Structures are given as C-alpha cells and as structure tokens.
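Working notes, beginning with the structure itself.
Chains as they are written, first to last, in the working numbering: chain X, 158 to 408; chain W, 634 to 901.
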C-alpha cells in the first residue's frame, strides 16, 4: 500500500531522511516514534506527496504521490500536528468538516446532498453533531481534534496519517481520541500511520512500531517485541530513568 | 441638490463608489482572513511607483501603474513560496522596493508630477465612463471567481496546509486571490487613492467579521458596508465640499466603531 525505497531528504544541507525503506501493508496500524528531529513528520509528508524526496522512490496505492499529488491525496487523510482553527476565520464546525469533501469533489462541482450526508455521518461518528453550528475557532483542543478527525472521515480515504494528534491535550482527551482512532481503524478498515511521542497512550490495535533516529529506521518491530531496552537506546537515556518517566509503558 | 445626479461626472462617481464598495468589500474579506492586510499598501505604492516610472519614460502613467501593481500582486505568492517566508514578509519587501523606486523616479522627473500623485490621493470626481466599465469588468470577474471557487477559497481560509493535503489546488487558489486582490486595489486607486484605500480594504470586512461568525454573511455585510461608506462619503463630500476619499474612510471607520459597540452590547 505504501512503499518507501531508499528515500533521503535534505533541508539546508542537513539530511532529514537517510536511506529509509519501509513497506506498509494494507490494514497496518503503524506507530512511528523517535526523538525530535528524527524525520517523522517529513516521512509523513513524503508519503502524502507534500515533500519530494531527493533520492529514492515512494509509491502510494501504486502511484508516485508527488507526481500524482491531487489524485493520491484524495485517498489519504492527514491530520497535522498543531493543526488549529484560527479564531478570525468565520467557519462553523460543519464548514470545517465539509473541507474534507472539497478535495474529493474536485473543481467546478458543488457539494451535493450525498456529500452533506457523508459530513453528517462523520460528525455523528466522532460525536460532534451537537457542535455543528458552533464557530470552529472557539472549540477546546479536544473538540478541535475531533473536528479534524471528522473532516478526514467524511472523505473516502484508504490511508490515515496522524502527526502527533495527542499533543497539547489533557489525559482524558488523549484517551478519548485514542479510543476514537482505534474504533475508526476497526470500523473503516483503514491503514493508519500514527506519529507520537506519548508512548503510554499508544492505541492497543497498533500492529507495528517503527522507530526513527537521525533520519534512519532505528528499529521496526511488532509491538510485542518492543521493549524498554530499545527505547533507552532510541532516546539515548538510561533505561531505569526512562521507565520511571514513561511509567506503565507496555505495548 | 438632486440636479447633481444629472451630471455625468457625478453619475460616474456614484457608479465608481458602488463598484469600489462591492470589489473592495469582497477582496477585503480575502486579505483580512488570509491575514495579509498590508497587501493593499504594497500594491497601491507599486501603482504609484509605476506611474512615476511611466512619467519618467513618457509612457501612460495609468498603464504603468496597472502593470506595476499587477506585477507586485503576481510576485508575492511565488516569492513567499520559493523563499519559505510568510507572504506578509514578502509584502513588506515589495513595499519598500516600490517605495524606493517611486522616490528615485520622483527625484529624476523634471516636469509636473501631479498624475502620479493623483493615484496616491485619489480623485473620484474625475472617473471616466471607461474607468467604470473596466472596474465593472474586474468586479464581475471577482464575483465569478468567488462563485466558482467558493468552497476551495473556504478551505484555503481554514488552513492552507490542510487544503493542500486534501487534494485541493491550494496554490492556484491562493495566488489567484492575491492577483485578483491586486487587480481590484489597483483599479480603485483612482476612486479612493493609494493611502486611503487601505482603510476601505480593511474596515468593512473587519466590521462585518465582528458582527457575524458566518462567512457568507461576512461577504454580504462587507459589501454593504463598503457601498455605504463610499456613497455616504461621496454625498458628504458634495454637501460639505470636503475631499471624497477622506470622507469615505472616516465613514468606514465609524461603521467599524459602531460594529464594535454593537458586538459589545450583544456580549459576543
């Protein structure tokens, strides 16, 4: 479904992705972890075709996502880290969820009753129907995350890329969003790539954990083989201290 | 008083006012929501620089003003894209560049410079019928663009990165918004003037924004406030023999203040 072959990317002379190869299969639920600056977000943007690799090849749904950007992106949902809705933009929650349908629909075509039905179904699924007419910029962080999830659900996507979507949320909201993502994974049969730092809040359904370090694949494990020793080497910290900090880390 | 309506120059001024209200009311919403309000200042000064260069080279200063301001509005987006800097930064760079060019040109012009300064101060009562036709054409183009690409424009307002990741041709929409804004600003320089146009670009949409959380209503209110500002300003100018541009801007500022008070009363 997603084939990344020997991909490297440089920014201002610095190598951000270094010879990365990954093969993500249909229905994989991949957690991507790693220190800040490891290249996690760049990797997601490469998959989505927002960034062109300097070397190597990316194939998503058998297409080059950079050359076929518009077509490929219609099948990929992407929720960015720190994605927020500016207060000055007068859009309701429903307006924002409709944005998901705009790319699918294409230019010169208005949204139809069918599109609005998809939008309402998605809002219902994430439990924000009661917020439909509220100004989106004035929602709480947790509510804004749900709006973003509904926006992507309203599209006919096959792949969902999530970039640190639990950032800046309180623990209750983190758990709620995680359980929402787990439910979506099961119900919609999506392939999900989930970038996170919050190791103790990894969804249970995760099938693979890929650790990136210095732009390289540091490890690629099934969750059951992933342990504190790998983590301590990944983050270059003492295993005991790391476990105290991460707490009841268990995959 | 009513006999004034029979004069061609006043009819042109009335039509120019309405077109300015509609055109600037719409592109004002764009620049306010894209958070690039100073694009108006940069483009109007690009027009000023163009007219100065036109005078210097013996080319029609109005044509050169249009060329310069369109060039400025076309360049902002791609330069921001290429440099990785915010559009606001590029607007600042272009503003300082065109101001430098304008001052350099002014220093070199031997003859009268009135035509160039007309674009800075504006002269609504000298609008010709051909000015009106051109303004009407561009205003129509802006409305057509808004109707055809309304849903994509909304997505770009929401979040440009999300729009791009969702398969929306975000660059085309963003660059077109900049270009059309530049076009409308440039063509309305005769009406309001380069310095004062900034207020007419910002006050009506800002007043509209604080009264509504609905984008469609924001467009309508912004257009309405723009038209009211222009027409009332024009009438004040006639009745009290004051400069029309200044009257228009004071009215638009008053509308903003009244909206602010109304919002306070409604507790929003």
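Cβ coordinates follow ideal geometry from the N, Cα and C atoms, glycine included.
Owing to the predicted nature of the structure, the values given are computational and were not obtained by experimental measurement.
Practice problem: Leaving out five residues on either side along the sequence, give the residues of the same chain with a beta carbon under 8 angstroms from the beta carbon of residue 408 of chain X. | Solution: Taking the first chain and counting its residues from 1, one reaches residue 408 of chain X at position 251. Summary for residue 408 of chain X: the model assigns pLDDT 48, below 50, so the residue's position carries little reliability; its value from the coordinates is reported in the next sentence. Closer than 8 angstroms at Cβ, skipping near neighbours: 359, 363, 366, 380, 381, 383.
Quiz item: So residue 731 of chain W packs on residue 656 of chain W, CB below 8 angstroms; how close in whole Å?
Solution: Within the second chain, numbered from 1, the residue matching residue 731 of chain W stands at position 98. Within the second chain, numbered from 1, the residue matching residue 656 of chain W stands at position 23. Contact flag wrong, Cβ pair sits at about 22 angstroms.
Quiz item: Name the DSSP bridge partner or partners of residue 373 of chain X?
Solution: Counting from one through the first chain, the residue named residue 373 of chain X turns up at place 216. Per DSSP, the beta-bridge partners of residue 373 of chain X are X/370.
Exercise. Would you identify the three-state DSSP class for residue 408 of chain X, choosing helix, strand or coil?
Key: As a working mapping, residue 408 of chain X is identified with position 251 in the first chain. Any reading at residue 408 of chain X needs caution, since the residue's pLDDT is 48, under 50, leaving its predicted position unreliable; the model's value is listed next. Three-state DSSP puts residue 408 of chain X in coil, outside helix and strand.
Quiz item: residue 677 of chain W: buried (16+ other C-beta within 10 angstroms of its C-beta) or exposed?
Solution: Position 44 of the second chain, counted from the first residue, corresponds to residue 677 of chain W. Per the 10 Å Cβ criterion, buried.
Practice problem: Please list the residues of the stretch 778-796 of chain W that have a C-beta atom closer than 8 angstroms to any C-beta atom in chain X, keeping them in chain order. | Solution: Listed in sequence order: 781, 782, 784, 785, 787, 788, 790, 791, 792, 794, 795, 796.
Quiz item: Leaving out the 5 sequence neighbours to the left and right, which residues in its chain are closer than 7 angstroms to residue 882 of chain W when beta-carbon positions are compared?
Solution: Start at 1 with the first residue of the second chain, and residue 882 of chain W comes out as number 249. Close CB contacts of residue 882 of chain W within its chain, under the 7 angstroms cut and outside five residues either way in sequence, are with 829, 832, 833 (chain order).
Self-check item: Interface flag, residue 710 of chain W vs chain X, CB-CB below 8 angstroms
Solution: Locating residue 710 of chain W in the second chain gives position 77, counting from the first residue. By this cut-off, residue 710 of chain W is not an interface position.
Exercise. Quick one: which unbroken beta strand (DSSP E) runs of 3-plus residues sit fully inside the stretch 172-255 of chain X? Chain order, please.
Key: Runs of beta strand (DSSP E) with 3 or more residues, each lying fully within the stretch 172-255 of chain X, are found at 186-190, 212-217, 233-236, listed in chain order.
Practice problem: Return the bridge partner residues of residue 166 of chain X from the DSSP annotation. | Solution: Position 9 of the first chain, counted from the first residue, corresponds to residue 166 of chain X. Beta-bridge pairing links residue 166 of chain X to X/174.
Quiz item: Would residue 798 of chain W count as contacting chain X if we go by Cβ distances under 8 angstroms?
Solution: Along the second chain, read from residue 1 onward, the residue named residue 798 of chain W stands at position 165. For residue 798 of chain W, the answer is yes, since a Cβ of chain X falls inside 8 angstroms of its Cβ.
Quiz item: If we cut at 8 angstroms on Cβ distances, does residue 838 of chain W have a partner in chain X?
Solution: Position 205 of the second chain, counted from the start, is the residue given in the question as residue 838 of chain W. Not an interface residue.
Exercise. Pull up the DSSP beta-bridge partners for residue 316 of chain X, would you.
Key: Taking the first residue of the first chain as 1, we reach residue 316 of chain X at position 159. For residue 316 of chain X, the beta-bridge partners assigned by DSSP are X/233, X/348.
Quiz item: Nearest-angstrom Cα distance between residue 822 of chain W and residue 266 of chain X?
Solution: On the second chain, position 189 is the one that residue 822 of chain W refers to. On the first chain, position 109 is the one that residue 266 of chain X refers to. Approximately 35 angstroms, taken between the alpha carbons.
Quiz item: Does the stretch 779-795 of chain W come within contact of the stretch 748-768 of chain W, defined as at least 3 CB pairs closer than 8 angstroms?
Solution: Output reads no: the stretch 748-768 of chain W does not touch the stretch 779-795 of chain W.
Quiz prompt | Chain-order list of residues whose beta-carbon lies under 7 angstroms from that of residue 222 of chain X (same chain, five-residue window excluded) | solution = To locate residue 222 of chain X, count along the first chain from 1; it is residue 65. Cβ within range, chain order: 204, 205, 206, 215, 229.
Practice problem: Note down the Cα distance separating residue 651 of chain W from residue 700 of chain W, rounded to an integer number of angstroms. | Solution: Locating residue 651 of chain W in the second chain gives position 18, where the first residue counts as 1. Locating residue 700 of chain W in the second chain gives position 67, where the first residue counts as 1. Straight-line Cα distance between these residues: approximately 24 angstroms.
Quiz item: Which same chain residues, not among the five before or five after residue 758 of chain W, have their C-beta less than 6 angstroms away from its C-beta?
Solution: Stepping through the second chain from its first residue, residue 758 of chain W is reached at position 125. The residues 642, 646, in chain order, have a CB closer than 6 angstroms to that of residue 758 of chain W in the same chain once the five nearest residues on each side in sequence are set aside.
Quiz prompt | Sequence-distant residues of the same chain with beta carbon closer than 7 angstroms to residue 209 of chain X, five excluded per side | solution = As a working mapping, residue 209 of chain X is identified with position 52 in the first chain. Closer than 7 angstroms at Cβ, skipping near neighbours: 223.
Quiz prompt | For residue 378 of chain X, the residue or residues it bridges with in DSSP | solution = Residue 378 of chain X sits at position 221 when you count from the first residue of the first chain. Looking at the DSSP assignment, residue 378 of chain X forms a beta bridge with X/366.
Quiz prompt | Rounded straight-line distance, which links the Cα of residue 175 of chain X to that of residue 310 of chain X | solution = Start at 1 with the first residue of the first chain, and residue 310 of chain X comes out as number 153. Start at 1 with the first residue of the first chain, and residue 175 of chain X comes out as number 18. Residue 310 of chain X and residue 175 of chain X have their C-alpha atoms spaced approximately 32 angstroms apart.
Self-check item: Three-state secondary structure (DSSP) of residue 160 of chain X
Solution: What you label residue 160 of chain X is simply residue 3 of the first chain in a count that begins at 1. Residue state, collapsed to three classes: strand.
Practice problem: Find the residues of chain W that neighbour residue 242 of chain X, judging by a C-beta separation of less than 8 angstroms, and give them in chain order. | Solution: What you label residue 242 of chain X is simply residue 85 of the first chain in a count that begins at 1. Under the 8 angstroms cutoff, chain W gives 791, 792.
Quiz prompt | Within 8 angstroms, strictly: CB atoms of residue 350 of chain X and residue 189 of chain X | solution = As a working note, residue 350 of chain X is residue 193 in the first chain. As a working note, residue 189 of chain X is residue 32 in the first chain. Residue 350 of chain X is a Cβ neighbour of residue 189 of chain X, given a cutoff of 8 angstroms.
Quiz item: Helix, strand or coil: which one does DSSP assign to residue 292 of chain X?
Solution: Counting from one through the first chain, the residue named residue 292 of chain X turns up at place 135. It is a strand residue.
Quiz item: Mind pulling the chain X residues with CB within less than 8 angstroms of residue 847 of chain W?
Solution: One-based indexing of the second chain puts residue 847 of chain W at position 214. Simply 247, 249.
Exercise. Please decide whether residue 888 of chain W counts as near chain X, where near means a Cβ-Cβ distance under 8 angstroms.
Key: Translated into the one-based positions of the second chain, residue 888 of chain W becomes position 255. Taking Cβ atoms only, chain X never reaches closer than 8 angstroms to residue 888 of chain W, which makes this a no.
Self-check item: C-beta contact flag for residue 289 of chain X and residue 250 of chain X at 8 angstroms
Solution: If you number the first chain from 1, residue 289 of chain X lands on position 132. If you number the first chain from 1, residue 250 of chain X lands on position 93. With contacts defined as CB atoms closer than 8 angstroms, residue 289 of chain X and residue 250 of chain X qualify as a contacting pair.
Exercise. Return no unless some Cβ of chain W is closer than 8 angstroms to the Cβ of residue 292 of chain X.
Key: Numbered from 1 along the first chain, position 135 holds the residue referred to as residue 292 of chain X. For residue 292 of chain X, at least one C-beta of chain W is nearer than 8 angstroms to its own C-beta.
Exercise. Determine the direct distance from the alpha carbon of residue 866 of chain W to that of residue 879 of chain W, and round the result to whole angstroms.
Key: Residue mapping note: residue 879 of chain W aligns to position 246 of the second chain, counting from 1. Residue mapping note: residue 866 of chain W aligns to position 233 of the second chain, counting from 1. Each residue's alpha carbon lies about 8 angstroms from the other.
Quiz item: Alpha carbon to alpha carbon, what distance is there between residue 665 of chain W and residue 697 of chain W?
Solution: Position 64 of the second chain holds residue 697 of chain W. Position 32 of the second chain holds residue 665 of chain W. Taking the straight line from one Cα to the other gives about 27 angstroms.
Quiz item: Taking the alpha-carbon positions, what's the residue 186 of chain X to residue 335 of chain X distance?
Solution: By 1-based counting over the first chain, the position of residue 186 of chain X is 29. By 1-based counting over the first chain, the position of residue 335 of chain X is 178. Residue 186 of chain X and residue 335 of chain X: Cα-Cα distance of roughly 13 angstroms.
Quiz item: Any beta-carbon of chain W closer than 8 angstroms to the one on residue 171 of chain X?
Solution: Within the first chain, residue 171 of chain X is the residue found at index 14, counting from 1. Proximity of residue 171 of chain X to chain W, defined by a Cβ-Cβ separation below 8 angstroms, is not satisfied.
Quiz prompt | Whether residue 261 of chain X touches residue 279 of chain X by CB criterion (8 angstroms) | solution = Reading the first chain from its first residue, position 104 is the one you call residue 261 of chain X. Reading the first chain from its first residue, position 122 is the one you call residue 279 of chain X. Cβ atoms of residue 261 of chain X and residue 279 of chain X: not closer than 8 angstroms.
Quiz item: Do you know whose CA, among X/313, X/312, X/324, X/166, lies nearest residue 301 of chain X's CA?
Solution: The residue you call residue 301 of chain X lines up with position 144 of the first chain. Considering only alpha carbons, the answer is X/324.
Exercise. Note down the Cα distance separating residue 671 of chain W from residue 724 of chain W, rounded to an integer number of angstroms.
Key: By 1-based counting over the second chain, the position of residue 671 of chain W is 38. By 1-based counting over the second chain, the position of residue 724 of chain W is 91. Cα to Cα, the separation comes out at about 7 angstroms.
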